[in-house]
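Following: one structure in structure tokens, then a few remarks.
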Amino acid sequence: MNAESDERNRVAEQVPPASATGDSDREERELGSRAPGFIKASRALHLSWQVGVFIVGLGVVVAGVLMLVLPGPGWLVIFAGMAIWATEFVWAQLVLRWTKRKVTEAAQRALDPKVRRRNIILTTAGFVIVAVLVGVYVWKFGIAMPWKIGE
Numbered sequence: 000m001n002a003e004s005d006e007r008n009r010v011a012e013q014v015p016p017a018s019a020t021g022d023s024d025r026e027e028r029e030l031g032s033r034a035p036g037f038i039k040a041s042r043a044l045h046l047s048w049q050v051g052v053f054i055v056g057l058g059v060v061v062a063g064v065l066m067l068v069l070p071g072p073g074w075l076v077i078f079a080g081m082a083i084w085a086t087e088f089v090w091a092q093l094v095l096r097w098t099k100r101k102v103t104e105a106a107q108r109a110l111d112p113k114v115r116r117r118n119i120i121l122t123t124a125g126f127v128i129v130a131v132l133v134g135v136y137v138w139k140f141g142i143a144m145p146w147k148i149g150e
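Once you know that position 127 of the sequence shown is 126 in numbering that gives the first Met the number 0, the rest is easy, because the numbers rise by one and skip nothing.
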């Protein structure tokens, strides 16, 4: 009755198995809960499992958001919280798949020789401009230390 899941199963059957070289053609994991079978068997136990996973994931994501303004690896922790949520919730699995795809595309663009050359030229030009501005400032005003060395 569910046409979407039927279509997904048909596509999964048509996809060849992943090659031994680890190509990007490998099959993606099935969407849905990854809870153990005995937990899925009981509706109340599965619901409490989902609540627990949500609370733990929420705590990790909140810690990551706090680390965006405090010292710490904020984005890494946020993505770890999303990965925790992705063990149980389809929406989080879809967000992680989208994020992985975008990060892979950005990495491929960054490794393009033309883009790398442009980025190196722009970075060098930026450093030269900053060095010239600092040189002009020092030439015009000199270096004034906040402490008195001569005393």
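Ideal Cβ positions, reconstructed from N, Cα and C, are used throughout, including at glycine. This structure is a prediction, so every number in the text was calculated from the model and none was measured.
Are there 16 or more other CB atoms within 10 angstroms of the CB of residue i, so buried, or fewer, so exposed?
i	result
residue 140	exposed
residue 83	buried
residue 131	exposed
residue 56	buried
residue 87	buried
Kindly list the residues whose CB is nearer than 7 Å to the CB of residue i, restricted to its own chain and excluding five residues on each side of it in sequence; keep chain order.
i	result
residue 89	30, 31
residue 85	91, 92, 95
Smallest Cα separation from residue i: which of the options?
i	options	result
residue 53	72, 71, 79	79
residue 81	127, 121, 128, 99	99
Where do the N-terminal and C-terminal ends of the alpha helix (DSSP H) with residue i fall, by residue?
i	result
residue 47	42-68
residue 98	89-109
residue 82	73-85
Once you ignore the five residues that flank residue i on each side, which residues in its own chain have a CB closer than 8 Å to its CB?
i	result
residue 108	114
residue 45	32, 34, 38, 39
residue 20	Model confidence at residue 20 stands at a pLDDT of 44, short of 50, so the residue's coordinates are unreliable; what they give is reported in the following sentence. No residues qualify anywhere along the chain.
So, using beta-carbon positions, are residue i and residue j closer together than 7 Å?
i	j	result
residue 66	residue 59	no
residue 51	residue 63	no
Ordered along the chain, which non-local residues of its own chain (more than five positions away) have a Cβ less than 6 Å from that of residue i?
i	result
residue 48	34, 38
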